[in-house]
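> Here it is, the structure in full.
2 protein chains.
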Amino acid sequence: MEKPVIAVDAMGGDHAPGEIVKGAVEAVNAFGSRIVLVGRQEDIRSELQKYSYPQDHITIENASEVISTDESPTTAIRRKKDSSMVVGLNLVKQGQAAAFVSAGSTGALLTGATVIIGRIKGIERPALGTMLPTTKGYTFLLDSGANVDCKPAYLVQFAKMATIYVEHVVGKKAPKVGLVNIGSEKEKGDTLSKEAHELLEEVSEINFVGNTEPRDIPYGPVDIVVCDGFVGNVILKLAEGLSQALFGALKEEITKGPYVLAAAALRKPFGKLKRRFDSDEVGGAPFLGLKALVVKAHGSSKAKAIKNAIKQCETFVENDIVLKIQDQL
Amino acid sequence: MEKPVIAVDAMGGDHAPGEIVKGAVEAVNAFGSRIVLVGRQEDIRSELQKYSYPQDHITIENASEVISTDESPTTAIRRKKDSSMVVGLNLVKQGQAAAFVSAGSTGALLTGATVIIGRIKGIERPALGTMLPTTKGYTFLLDSGANVDCKPAYLVQFAKMATIYVEHVVGKKAPKVGLVNIGSEKEKGDTLSKEAHELLEEVSEINFVGNTEPRDIPYGPVDIVVCDGFVGNVILKLAEGLSQALFGALKEEITKGPYVLAAAALRKPFGKLKRRFDSDEVGGAPFLGLKALVVKAHGSSKAKAIKNAIKQCETFVENDIVLKIQDQL
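Protein chains in written order, with our numbering: chain B, 1 to 329; chain P, 330 to 658.
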């Protein structure tokens with residue numbers, strides 16, 4: 001079967017366009033992907049010249065503008081009609097591409113995707129999912145930051161969408177769903193989590209196992225954790241920051257004086273440990289609940305992350321996830 | 330000046346009564362503390378016999394019952410009138426002790442303290458503060474779990490109480506206060522944080538520096554972070570869980586095969602790193618906003634943590650913190 005066309009924002013992220021273009025080429029060479037690179041034609045072309053790949057698998061869609069991370073999302077999407085982000089999202093809207101990957105501004109991408117591609121009818125709030133590293137592998141966190149002030153019913157939709165995504169894209173059957181809460185008992189927590197708990201218990205299509213306490217999340221007791229986007233973003237960003245801070249402090253302690261040699265001998269297992277807690281391995285964050293998939297790749301994405309995000313889009317499209325979400329509303 | 334009498338729950342926590350009694354003795358010998366140990370007289374007496382210390386510095390208040398962590402807090406406080414916790418809190422209420430330390434059930438302690446000792450008039454919600462380890466030292470987190478569904482005005486009181494506590498007990502002048510939020514700009518976040526931000530800007534008694542993003546918290550950019558107790562508890566417990574998980578994964582990676590020797594050579598810096606992120610060093614979590622100080626020591630507290638919690642109570646009492654909080658309402 002021919003691969004679906006994936007649009008990729010060549011201008012978004014800290015390492016654009018170099019690493020983005022490189023990731024696209026790697027996807028083409030590894031999976032036979034078909035890609036539209038969106039952005040400044042000249043820049044993209046000069047990057048592409050560095051590589052060899054089947055030429056008919058990559059096309060360029062010119063876009064003269066770039067949305068930066070410090071612009072107001074709403075204003076940027078409204079005004080910069082010829083930005084790589086808006087042009088890329090329009091390719092998906094018009095059916096010229098099946099999904100869109102960008103490592104650019106999260107706010108602009110979520111706003112643009114909702115406005116241009118639009119929600120699946122019946123979905124109250126599209127939500128951003130992130131694969132959170134754990135000692136066992138990964139836990140899918142939804143919502144990780146798209147929606148604050150959630151209502152209990154939103155969390156039920158998050159649980160349903162996450163279940164479909166994890167079953168078919170991650171490939172884990174009947175994934176366990178936990179509700180983030182500050183206590184294991186049903187009656188614990190704030191108003192939102194108490195009410196969401198009640199509702200989640202009644203949903204037959206998901207494998208709801210009750211509350212998951214933040215202390216346990218890093219050990220991966222469940223496949224999916226659902227929560228309000230404020231709490232989800234706190235979890236995601238605190239976990240990233242703390243991992244970095246701890247690895248940094250470790251390095252500081254052992255790369256001085258008498259420990260340098262022993263530390264050097266441990267370079268390999270340290271590297272392995274860092275990779276275990278590295279999000280580059282698993283592609284990007286899917287924005288679920290829209291009429292097509294939009295993936296937010298990390299701002300610091302390098303080629304490997306982009307390549308994996310493209311693969312993730314293909315699996316999503318090939319498994320008709322949008323249709324499956326629609327069917328479960 | 331004679332030390333204030335501190336009541337200590339000898340029966341609370343994973344290592345009670347042994348480590349609790351030991352911690353009390355260490356405080357007496359190190360600081361000249363005066364202590365009432367509350368709990369089963371026989372058990373306490375047989376522990377005390379192991380040590381030498383000035384006998385007139387420790388008295389025992391008998392209490393026949395113990396509240397366990399799996400009991401309903403409200404029911405336990407109401408029914409177990411002769412528990413070490415209720416008896417200890419009553420000692421404070423009656424003025425026989427100036428503060429109370431317990432490593433027992435958090436829920437029961439917060440409930441009991443609020444009911445028995447009571448709030449300072451004008452304080453809407455007493456809040457639990459925790460010293461969160463960072464790469465620079467510690468950040469004081471308030472509320473770390475006592476109050477969910479907070480109103481913006483509560484967070485302002487948290488910021489004021491935290492400022493007084495950190496100035497006088499921790500000893501940091503004009504401590505920087507950050508509001509936990511998922512973005513650095515004022516207009517970011519959920520309804521609570523947007524409204525709290527507005528209010529905090531207007532408080533002249535505190536050194537409010539704006540939003541603090543969860544990613545930055547582990548690096549200690551501020552001395553105090555304020556937030557709703559649900560979010561605070563997520564931060565506290567996720568940080569604890571993730572640190573443990575990362576240290577565990579590190580150990581797993583380096584204590585096998587060819588790395589054993591190098592790992593052994595690094596035992597000292599690893600230990601130093603663990604201690605940097607160890608909460609035992611800083612006593613317990615103060616429950617602020619009551620007519621007297623109640624300190625929740627970690628359930629896993631050993632002697633050192635209890636000793637430090639006793640010192641913390643003395644500093645609190647000697648600095649008239651309750652009066653200072655009253656004056657700022």
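The C-beta atom is built at its ideal place from N, Cα and C for all residues, glycine as well.
When the Cβ atoms of the segment 92-104 of chain B are set against those of the segment 13-28 of chain B, are three or more pairs found closer than 8 Å?
Flag = yes, the segment 92-104 of chain B and the segment 13-28 of chain B touch.
> So if DSSP puts Gly495 (chain P) in a beta bridge, which residue, or which two residues, is it bridged to?
First, the residue type needs correcting, since residue 495 (chain P) is Val and not Gly in the sequence shown. The partner list for Val495 (chain P) (beta bridge, DSSP) is empty, contrary to what the question assumes.
> Below 8 Å on the Cβ atoms is my guess for Ile406 (chain P) versus Val415 (chain P); work out the distance and round it to an integer in Å.
Indeed, because the Cβ distance is near 6 Å, the residues count as touching under 8 Å.
> Closer than 8 Å is the cut-off here; do at least three beta carbon pairs connect the segment 549-558 of chain P with the segment 499-508 of chain P?
Segments in contact, yes.
> So, using beta-carbon positions, are Lys302 (chain B) and Lys22 (chain B) closer together than 9 Å?
Going by C-beta atoms, Lys302 (chain B) is nearer than 9 Å to Lys22 (chain B).
> Met460 (chain P) bridges to which residues according to DSSP?
BP columns for Met460 (chain P) point to P:Phe469.
> Using DSSP with H/G/I as helix, E/B as strand and the rest coil, what is Ala503 (chain P)?
Coil.
> Out of curiosity, what's the CA-to-CA distance linking Thr443 (chain P) and Lys465 (chain P)?
Roughly 33 Å between the two C-alpha positions.
> Here's the rule: buried if 16 or more other CB atoms are within 10 angstroms of the residue's CB, otherwise exposed. What is Asn269 (chain B)?
At residue 269 (chain B) the sequence reads Pro, which differs from the Asn that was named. Burial call: buried.
> Below 7 Å on C-beta distance, what does Arg40 (chain B) contact in chain P?
Correct list: empty, because the minimum Cβ distance to chain P is about 29 Å.
> Taking just the CA atoms, how far does Ile306 (chain B) sit from His57 (chain B)?
Cα to Cα, His57 (chain B) sits roughly 16 Å from Ile306 (chain B).
> Per DSSP, which residues does Gly368 (chain P) bridge with? Please list them.
Answer is P:Asn391.
> For Ser193 (chain B), is the classification buried or exposed, using 16 other Cβ atoms within 10 angstroms of its Cβ as the cut-off for buried?
Buried: at least 16 other Cβ atoms inside 10 Å.
> Of all Cβ atoms in chain P, is any one closer than 9 Å to the Cβ of Val295 (chain B)?
Not closer than 9 Å to any Cβ of chain P, the Cβ of Val295 (chain B) fails to qualify, so no.
> Measuring straight from C-alpha to C-alpha, what distance separates Ala7 (chain B) and Ala24 (chain B)?
One C-alpha to the other measures close to 10 Å.
> Hey, is Asp343 (chain P)'s beta-carbon within less than 9 Å of any beta-carbon in chain B?
So no, Asp343 (chain P) is outside the interface.
> List the residues that DSSP assigns as beta-bridge partners of Ile553 (chain P).
Answer is P:Phe469, P:Val506.
> Can you find a CB in chain P that lies within less than 9 Å of the CB of Ala239 (chain B)?
It does: the Cβ of Ala239 (chain B) has a partner Cβ on chain P nearer than 9 Å.
> Grouping DSSP H, G and I as helix and E and B as strand, with all else coil, what is Leu329 (chain B)?
Note: Leu329 (chain B) maps to coil in three-state DSSP.
> Given that Glu253 (chain B) touches chain P, what residues does it touch there, using C-beta distances under 7 Å?
Going along chain P in sequence order, the residues near Glu253 (chain B) (Cβ under 7 Å) are Pro598, Lys601, Leu602.
> Assuming the contact rule is C-beta atoms closer than 8 Å, Ala127 (chain B) and Asp149 (chain B) should be a hit. Round their C-beta distance to whole Å, please.
In fact, because the Cβ distance is near 13 Å, the residues do not count as touching under 8 Å.
> Could you give the residue range of the alpha helix (DSSP H) that holds Val209 (chain B)?
Element bounds for Val209 (chain B): not the alpha helix (DSSP H) but the beta strand (DSSP E), 207-212.
> How far does the beta strand (DSSP E) with Lys296 (chain B) in it extend, from its first residue to its last?
293-296 is the span of the beta strand (DSSP E), which, as asked, contains Lys296 (chain B).
> First and last residue of the beta strand (DSSP E) that includes Leu288 (chain B)?
It spans 285-288 - the beta strand (DSSP E) in which Leu288 (chain B) sits, taken as one unbroken run.
> What is the DSSP secondary structure of Arg544 (chain P), counted as helix, strand or coil?
Reduced to three states, the DSSP call for Arg544 (chain P) is coil.
> Using beta carbons (cut-off 9 Å, strictly below), is Gly474 (chain P) in contact with chain B?
By this cut-off, Gly474 (chain P) is an interface position.
> For the beta strand (DSSP E) that Val337 (chain P) lies in, which residues bound it at each end?
Where Val337 (chain P) is concerned, the enclosing beta strand (DSSP E) stretches over 334-338.
> Looking at the C-beta of Thr135 (chain B), does it have a partner C-beta in chain P at a distance below 9 Å?
Yes, Thr135 (chain B) counts as interfacial toward chain P.
> Going straight from the alpha carbon of Val203 (chain B) to that of Val156 (chain B), what length do you get?
Distance between the alpha carbons of Val203 (chain B) and Val156 (chain B): 8 Å.
> Going by C-alpha distance, which of P:Lys489, P:Leu602, P:Leu579 is nearest Leu266 (chain B)?
Taking only the C-alpha atoms, the option nearest Leu266 (chain B) is P:Leu579.
> Taking Cβ positions only, does Arg605 (chain P) come closer than 9 Å to chain B?
Yes, because at least one Cβ of chain B sits closer than 9 Å to the Cβ of Arg605 (chain P).
> Nearest by alpha-carbon distance to Asn308 (chain B): which of B:Asn211, B:Gly283, B:Val294 is it?
Among B:Asn211, B:Gly283, B:Val294, the Cα nearest to that of Asn308 (chain B) is on B:Gly283.
> Have a look at Glu542 (chain P) and Gly512 (chain P) and give me their C-alpha separation to the nearest angstrom.
In a straight line, the C-alpha of Glu542 (chain P) is about 6 Å away from that of Gly512 (chain P).
> Note down, in chain order, every chain B residue with its Cβ under 7 Å from the Cβ of Thr520 (chain P).
Per Cβ cutoff of 7 Å: Asp149.
> For Phe429 (chain P), which beta-bridge partners are listed by DSSP?
According to DSSP, which records beta bridges pairwise, Phe429 (chain P) is partnered with P:Ala336, P:Val623.
> Between Ala568 (chain P) and Leu238 (chain B), which are expected to be in contact by the criterion C-beta below 8 Å, what is the C-beta distance as a whole number of angstroms?
The Cβ separation is near 7 Å, so the contact holds.
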